[in-house]
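Inspection log for the structure reproduced underneath, given as structure tokens.
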Amino acid sequence: MKRGEKVIILIIVLVVAVAMAKNIWVQHTTKEVDQGIPYYSTATPELSRTAMDIYRENGCKKCHSLWTVKNMQETVPAPILDGIGSLRTEEWLYSYLSAESPQEILPTRLLPEWKMPSYAKLSEQDRKALAGYLASLKVKDWYLEDTRKAEYQKLTGKPYKHE
Ligand code: HEC
82 MKRGEKVIIL IIVLVVAVAM AKNIWVQHTT KEVDQGIPYY STATPELSRT AMDIYRENGC
142 KKCHSLWTVK NMQETVPAPI LDGIGSLRTE EWLYSYLSAE SPQEILPTRL LPEWKMPSYA
202 KLSEQDRKAL AGYLASLKVK DWYLEDTRKA EYQKLTGKPY KHE
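Just so you know, the sequence shown maps onto residues 82 to 244 in this note's numbering.
Next up, the structure:
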């Protein structure tokens, strides 16, 4: 190998090494600042697909947001469903969706046309799939308190006070 070639190879190796080191450094230092999206689901792909079809067919999207950045045209102040599985159990969600009057379980502060409708008429299978999927919607610990706060404010219209 000629001397000139050696120098070129050395330069390439150096450039690559510097780029890699910079990458590691950037990842390391931005970790604390950007913790990423706090919401995730533990559902199987099959359950997600089944439940999201039911979700769309029943117009849940009209009032709730899920997996979206805030709905800008939000007219109904319904709780955001991201992370709801960290606040409610699957059994609770199933009873809530099965109730003839969901307001007996969770009181409403809204006009009748905006309150949570009863989904008792859905098949048991559909209610089970929805409850299972909703229960799988978790929030990471560092965002749990904020999620609880947002839910409380949506449900009561009052500022949240830590108990
Ligand atoms: C007409 C608007 C509307 C539609 C449609 C709707 N919801 Fe709701 N939902 C609400 C409101 C408002 C609340 C809060 C309780 C209330 O005011 O009745 C609520 C509450 C809930 C809660 C309880 C949240 C909590 O904080 O514990 C869940 C779960 C839920 N809805 C799931 C669904 C699902 C699943 C669908 C579709 C099958 C759906 N909702 C359709 C308006 C709606």
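The beta-carbon is built from N, C-alpha and C at its ideal position, and this holds for glycine as well. Keep in mind the model is a prediction, meaning the values are calculated, not measured.
Discussion item. Please give the ranges of any beta strand (DSSP E) in the segment 105 to 192, keeping only runs that are unbroken, at least 3 residues long and fully inside the region.
Written reply: DSSP runs (the beta strand (DSSP E)) wholly in the segment 105 to 192: 120 to 122.
Discussion item. Within a Cβ cutoff of 8 Å, which residues of the same chain sit near R190, ignoring the five residues on either side of it in sequence?
Written reply: Within the same chain, R190 has close Cβ partners L236, T237 and G238.
Item to complete: List the endpoints of the continuous beta strand (DSSP E) containing K219.
Response: According to the DSSP assignment, K219 belongs to the beta strand (DSSP E) that extends over L218 to V220.
Worksheet entry | G85 beta carbon less than 7 Å from that of Y120 | Result no, Cβ atoms of Y120 and G85 do not sit closer than 7 Å.
Item to complete: Quick one: using the 10 Å Cβ neighbour count with 16 as the cut-off for buried, is P183 buried or exposed?
Response: Under the 10 Å beta carbon count, P183 is surrounded by 16 or more other beta carbons and is classified as buried.
Discussion item. Let's test the definition: count the other Cβ atoms within 10 Å of the Cβ of G166 and tell me whether it reaches 16, buried, or not, exposed.
Written reply: When all chains shown are included, G166 counts as buried.
Discussion item. Using the three-state DSSP reduction, which class does W195 fall into: helix, strand or coil?
Written reply: Reduced to three states, the DSSP call for W195 is coil.
Fill in: Collapsed DSSP secondary structure at K44 in the structure displayed
Residue coverage of the chain in this structure runs from 82 to 244, which leaves residue 44 outside it and unanswerable.
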